[in-house]
Structures are given as C-alpha cells and as structure tokens.
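One point on numbering: in my numbering, the residue at position 479 of the sequence shown is 759, and numbering is uninterrupted.
Some notes on the structure that comes next.
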Amino acid sequence: MHTAQNLIKGYRRKRIIISLMVALIVLLLTFGLRFISQRDLNQLRIDAYARHAVDSFDKILMPIAGKRHELVSLVGQPCDNVHLPLRKQAAAMQTLRSIALVKSGVLYCSSVFGDRDVVLRQRQLSLPDPQPRLLLATDETLLKNSPILIQWYPASQDGEDGVMLTINIHLLSSLLLEPQEPIIRRVVVSVGHRYYSESQGISDTFRLADDEQMVTRQSELFPFSISVTTPGAGMLALEDLPSQAPLAVILALLLSSVAWIATAGRLSFTREIIHGMAQREFELYCQPQLDTRSQQCTGVEILLRWKNPRLGWISPEVFIPVAERENLIAPLTRYVFVETIRQIDYFPADPQFHISINVASSHFLQGVLLRDVNQYWFTAHPKQQLVLEVTERDSLQGVDYRLVRELHRKGVRLAIDDFGTGNSALSWLEQLRPDILKIDKSFTNAIGTDAVNSTVTDIIISLGQRLNIELVAEGVETPQQAHYLRLHGVHVLQGYLYAKPMPLAEFPHWLAGGTPPPKEHNGHVLPVIL
Ligand code: C2E
Ligand code: CA
Ligand code: CA
C-alpha cells in the first residue's frame, strides 16, 4: 500500500533525477558545442596560417619572376657590362642574396663577385637545366652552409645558359615562418624532395611526431608547398575545455533549477490527483448501513477508490489528506456528487433511503458547499436523502452553523464522522445540531476488549441519546459488537459484518440478497431486506 510520504518521496526522487539529467545534458552540450566551435576555429586558424605563408612566399617570388625576361636577356653579355645592372637588381630586391649569369654551364658573372669562372654543375648538381627550377640548397660561397632558395631560369634551348637567383631563405623564414605556439608548432617549406624548417634547416626527410598533425598548402604559382604541424585542432580544443568549465557549470545549475521549478507542478501528487479526476480514475464504492430494528438497509456511505494506472490502488487514507492540504478536496467532493448522481439509479428511489457523502469542513467555508450541493445534487432532483458526513478529525471551526441550517431546510442531514476521536468541544454539538453521530470504528472495535474505550463508547451512546441525535456505529465486524450496540440502543450499523464497500453497480445485487451473509453471522441482524 502506498503512503502519502512514499508517493511524495517518489515524486521528489523523479524530480531530482530529471534535474540531474538536465544538468548533465547541459554540461555535455556546453562542453560539446564549445569543443566543436573551438575545434573549427582552430582548424580555420591553421588553414589561414598555411595559406598566409604560401601567399607571402608567392609575393616574394613574384617580383623575381617578373624580372625573369629582363635578366635572361643579359645572359651572354660580358660581365663588365652587366655587373652593375645585376647589382642594382639584387639590391632592389632585399630577399635576393645574389644574381648569377651562366653561359655554357659556366657561372661567369655574379652580382656579388663580378667576373667568375665556376662550372655550375660542380656547385649545384641539378643545374643547369632546360626547365625553370626552384631548389632548396646550402650556400657554398658567400655564407657557407646557410640555407638558400635557388630560382633557375634557362636562357637557351639546351638549358646550358641561364640566370641563377639566390634567395636568402633564412631571412624569409624568420619573417614569415615563425611558428605560433600552441597552434602551429613547425613550419616546413618543401621544394622538390627537400624540406626546410627554421629549426632543422634543410633536410631530405621530414618526420611527423606521433602527436602531430600536418596541414599542407601548395602554391598555385611556384613549385613549392608549405606544411604546418599542429597538435591537431581537436586536441587544442580539448586542452581549452577546462577554461569553459565555469560557464558550463553556471548554465547547468541555472537550467537544472529551471527544471526543478518546472517539474514542481507536473511531477507532484497534486497534479496526479487532478489528472485522476480528469481521467475519471476515481471510482465510487458504497458501504451499506443497516437498521437493526427494521432489518433493512436504510442507506449507504459513498467511499472513493482510486486505481491509478501508474501507481496502482491508492487508499483514501493517503489521497484524502493530500487533497485536503492542497485545496483539492472541494473539487474531489464535486466529483463524488456528480458521479453519485450519474449512478443514482443503482439505489432505491426512496426518500427514506439515504446516501452519505463525506465532506471536509473546509468545504463549508464561504458557502461553497451549499452552492455545490444546489448545483450538483438538487438540480438532478434525486429521490434519496442526502447525508453529509463531516469528520471530526478536521476542526469543525470552519463549519458555519447558519449554512448547516440552510442545508437542513433543504432536507440535507449532517453527520459527525469519527465521533470521539477529534478534539471538538461539546458546544459544537449544540451549535451545529448534527442529525447523526457516527461512532468511530476504534470504539466499536473496543467493545468487549478495551475497558477504557468501551466506557467512552457508552458515554458517546448516552450523549447521543440525551441530545436526541441518531447514532450510527461504523466498523462493526463481529456479531458480538452488533449485539452490544443493539442492546445499548445503537440501531444503525455499518461494517464488514454486513458488507464491505462495493462498486455502486454491485449494490442492487447485494440488496437483492445475492451476496450471502458472512459465515460467522449469528442471526442478530439480517444483512438485507427492503
Ligand atoms: P470513514 O469516512 O470513516 O470511512 C469508513 C472507513 O472504514 C472506510 O475506509 C471503510 O472502508 C472502512 N470500514 C468500513 N467498515 C469497516 C469494518 O468493518 N472494519 C474496518 N476495519 N474498516 C471498515 P476507506 O474507504 O478506506 O476510507 C477511509 C477514509 O477516507 C474514510 O473514513 C473517509 O474519511 C475518507 N474518504 C473516503 N472516501 C471519501 C470521500 O469521498 N470524500 C472524503 N472527503 N473522504 C473520503
Ligand atoms: Ca465517513
Ligand atoms: Ca469514520
């Protein structure tokens, strides 16, 4: 059986789980999105760096290429004639270290040294060449072993004549190929099968470290490419993630609080009750009351049952107190009125037959109950008499005796439920003038077993008799209790001895005697006759 505490705890647990899930999802999303955007940004930066390096190199080589024809036309002329123009050209282009003219495979004129007589192939194995060439090499003349970039332009068909331009790559690289930690670790220029990096100089191999990735961009104008090595856009983004933690945590806290607040209404027992009413999950049961004098069933008490599709059967002892606390008891009572009227034909259409409905004392406030009785009960003009049972459990303070009078005038009778268990002063009996006192089942139970409580039972009985208030005993389970009560003048009895609460639809069958009396029934009271 569910208890209200358990149910409420269950809802709270669900809300905690939902809020934690929201926090987790927000954390994952924030980190995930930040990771993706940072990774893409890193990738863009890496690409942009490589592209920029290629463009810058192109820009250096372009003016040199622009002078190609002019320089090629100088090949063959005596060095004395062309030395000066060569020096001027070399000086004009800061990145140029020297310009040399080659005739029949012999370097015969240099912008730096003037007249020369060097077999070019001895200096550069792959030169001269019939095709224009770009080469990575080491300087053998001016700055020994320093890395240089050689641009070769042939001036004759056989390629034995031509112009050799020596570019100071070291200067270029310190200007253009500076790595940008942590994104760019190394920048490598590759020409043909040779590589140049600022840290390693010129080499024939280039090895990528295990934790490195490489991005290569090819020049569209010259036969070189530039590669940059990086830890990887993803790895960099991953390293950056801890710095996103404060933002992610704040967002997660914020949204999980929103989830906590938002589920307060939805995931609550209160909401479950409202939903239950809308879905008609509450079923009406009735428990007969028998008059031992006439041996007739003179009425029924309507009792609610709730079969919740998710939680199973829930006792009214659980949901009624929650409904009372959450201001849902009036809507629930209206539901009982409406459903009783809808199924009224299960009961004898006899003005002597009463239907008792439990109401909360808070429902009396501001005449709401009176309005509801008019609207939901009297508009249907039922023949049966209406009894309102207000439990003494609640404080009876809220029950306005003027409203009770008004109800009386309309033929509604008032019963004080669970009499003897509450704390209401006897003066209320005077003011409210109830028609019926229902002796609580704890007192019925005490008969023959508990001396103190059965004394109280006697007192209640004599009080009712003195004030001329009808007495109804509930929770009658044994023939001994029935006998005792009857002997003491309590004639209307309700309890498992006669019938357990049953669905309204089963009542006619029970009334017709279809349900056999309990085995232990000793004949004091016959269960049914009408
Ligand atoms: P109650 O008004 O005192 O109702 C009598 C309770 O005693 C019912 O429990 C009934 O099933 C049980 N009962 C009847 N005969 C016996 C018996 O011989 N032995 C024992 N041990 N119990 C017996 P139930 O149906 O679980 O209802 C519990 C309480 O829930 C009710 O006590 C009433 O206060 C409240 N309740 C039930 N239905 C409604 C309703 O429609 N409106 C309101 N406001 N309260 C309701
Ligand atoms: Ca009752
Ligand atoms: Ca009771």
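Beta carbons are placed, not taken as given, at the ideal position from N, Cα and C, and that holds for glycine.
Own chain, CB closer than 6 Å to residue i, minus 5 neighbours either side, in chain order
| i | result |
| --- | --- |
| Gly439 | Pro408, Asp409 and Pro410 |
| Ser499 | Val334 and Asp338 |
| Pro798 | For Pro798, the pLDDT reaches just 46, beneath the cut-off of 50, and the residue's location in the model is therefore unreliable, although a value from the coordinates is still provided. Within the same chain, Pro798 has no close Cβ partners at all. |
| Ala380 | Leu387, Ser390 and Met444 |
| Leu501 | Asp338 |
| Ser707 | none |
| Gly744 | Leu717 and Leu751 |
| Asn448 | Thr375 and Arg377 |
Beta-carbon gap between residue i and residue j smaller than 8 Å
| i | j | result |
| --- | --- | --- |
| Val667 | Arg693 | yes |
| Leu773 | Leu570 | yes |
| Pro427 | Leu445 | no |
| Phe599 | Ile637 | no |
| Asp720 | Thr701 | yes |
| Asn322 | Leu516 | yes |
| Glu492 | Pro511 | yes |
| Arg466 | Ser477 | yes |
| Ile609 | Ser642 | yes |
| Leu564 | Thr620 | yes |
| Val355 | Gly481 | no |
| Val639 | Leu649 | yes |
| Val392 | Ser406 | no |
| Leu414 | Val352 | no |
| Glu757 | Lys718 | no |
| Phe658 | Lys690 | yes |
| Asp490 | Gln318 | no |
Cβ neighbours of residue i in the same chain (closer than 7 Å, five flanking residues each side left out)
| i | result |
| --- | --- |
| Gly394 | Cys359 and His363 |
| Glu800 | Confidence at Glu800 is low in this model, with a pLDDT of 39, below 50, so the placement of that residue should be treated as unreliable; the coordinate-derived value is given next. These residues qualify, in order along the chain: Pro759. |
| Pro596 | Leu583 and Leu584 |
| His771 | Asp571, Thr572 and Arg573 |
| Pro412 | Trp432, Tyr433 and Pro434 |
| Tyr681 | Gln711 and Leu712 |
| Lys273 | No answer is possible for residue 273: the residues shown for the chain start at 281 and end at 810. |
Chain-order list of residues whose beta-carbon lies under 8 Å from that of residue i (same chain, five-residue window excluded)
| i | result |
| --- | --- |
| Ala528 | Val306, Leu307, Thr310, Phe311 and Arg314 |
| Gly385 | Val399, Leu400, Arg401, Pro408 and Glu440 |
| Ser484 | It should be pointed out that residue 484 corresponds to Asp in this sequence rather than to Ser. Counting only Cβ-Cβ distances below 8 Å, and skipping sequence neighbours, we find His473, Arg474 and Tyr475. |
| Glu326 | One detail in the question is off: residue 326 reads as Ile in this sequence, not Glu. Counting only Cβ-Cβ distances below 8 Å, and skipping sequence neighbours, we find Ile463, Ile464, Val495, Val508, Thr510 and Ala513. |
| Pro631 | Lys663, Gln664 and Gln665 |
| Trp790 | Pro568, Ala779, Met782 and Val808 |
| Ala785 | Gln623 and Tyr626 |
| Asp397 | Val386, Leu387 and Tyr388 |
| Thr578 | Gln569, Leu570, Asp571, Gln632, Phe633, His634 and Val772 |
| Val468 | Tyr475, Tyr476, Ser477, Phe486, Ile506, Ser507, Val508 and Thr509 |
| Pro788 | Tyr626 |
Burial state of residue i (16 or more Cβ within 10 Å)
| i | result |
| --- | --- |
| Ile556 | The amino acid at residue 556 is misidentified as Ile; the sequence shows Gly. Flag for Gly556 reads buried. |
| Leu376 | buried |
| Gln431 | buried |
| Gln369 | buried |
| Gly775 | buried |
| Ala558 | exposed |
| Ala525 | exposed |
| Ala753 | buried |
| Gln437 | exposed |
| Pro714 | buried |
| Ser299 | buried |
| Ser536 | buried |
| Glu604 | buried |
| Ala252 | Outside the shown range of the chain, which is 281 to 810, sits residue 252, and nothing can be said about it. |
| Val538 | exposed |
| Lys289 | exposed |
| Ala330 | buried |
Just checking, does the segment 758-771 make contact with the segment 721-736 on the three C-beta pairs under 8 Å criterion? yes
Validate contact between the segment 504-514 and the segment 332-347 using beta carbons, cut 8 Å, 3 pairs: yes
What beta strand (DSSP E) runs, 3 residues minimum, are completely inside the segment 591-670? 592-594 and 634-639
Segments assigned alpha helix (DSSP H), at least 4 residues, entirely inside the segment 446-524: 449-456 and 513-520
Could you tell me which uninterrupted beta strand (DSSP E) segments, each at least 3 residues in length, are contained entirely in the segment 750-785, listed from first to last along the chain? 750-753
When you compare the segment 536-545 with the segment 745-754, are there three or more beta-carbon pairs, one atom per stretch, that lie closer than 8 Å? no
In chain order, which continuous runs of the alpha helix (DSSP H) of length 4 or greater are located wholly inside the segment 537-566? 549-558
Which full runs of the beta strand (DSSP E) of 3+ residues lie inside the segment 358-433, going along the chain? 376-383, 386-390, 394-399 and 413-418
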